[in-house]
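**Q** In the numbering used here, the protein residues as written are 1 to 92. For glycine and all other residues, C-beta sits at the position ideal for the given N, C-alpha and C. Every value quoted in this text rests on a predicted model; they were computed, and no experiment measured them. Please read through the structure below; I'll follow up with questions.
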Amino acid sequence: MYINSYVIIKIIMRGEQMNREELSQLVNEHILAVPEVIKELGITNQALSSLIERGKLMPIKKVGRTRLFLRQDVEERKQEATLLKEKYRPFD
């Protein structure tokens, strides 16, 4: 099931009626925590912090030390990183 990630945020923000199972499924499919982002991008925690500081990847929610990211944003960043690597490091 593909739903634009920003639609999910609107659904949650408006408080649309969803049962717990549906909401859990949407979150599991479209929201990533820091460890999942690090694994998906193949980077370190420090590299992720750098991406955030430079505005290259922005969390959708930050509570204390917990940050949540849209899967779509992470996948776009991964594609961008792949293209940059091919362009600037073609022999790696």
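So, are the CB atoms of Val63 and Leu32 less than 7 Å apart?
**A** Numbered from its first residue, the sequence shown carries residue 63 at position 63. Numbered from its first residue, the sequence shown carries residue 32 at position 32. Not in contact: Val63 and Leu32 (Cβ atoms no closer than 7 Å).
**Q** Give the single residue among Leu26, Ile60 and Lys56 whose Cα lies nearest to the Cα of Gln79.
**A** The sequence position of residue 79 within the sequence shown is 79, counting from 1. The option with the nearest alpha carbon to Gln79 is Lys56.
**Q** Could you check what DSSP says for Leu57 in three-state terms: helix, strand or coil?
**A** As a first step, residue 57 is located in the sequence shown; it is residue number 57 there, counting from the start. Residue state, collapsed to three classes: coil.
**Q** By Cβ distance below 8 Å, which residues in the same chain neighbour Asn45 in space, the five residues on each side in sequence not counted?
**A** Translated into the one-based positions of the sequence shown, residue 45 becomes position 45. If we look at Asn45 and ignore the five residues flanking it on each side, its Cβ neighbours are Val34 and Ile38.
**Q** Kindly list the residues whose CB is nearer than 7 Å to the CB of Tyr88, restricted to its own chain and excluding five residues on each side of it in sequence; keep chain order.
**A** Locating residue 88 in the sequence shown gives position 88, counting from the first residue. None.
**Q** Provide the residue span of the beta strand (DSSP E) that contains Ile43, from first to last.
**A** Taking the sequence shown and counting its residues from 1, one reaches residue 43 at position 43. No beta strand (DSSP E) holds Ile43; DSSP gives it neither H nor E.
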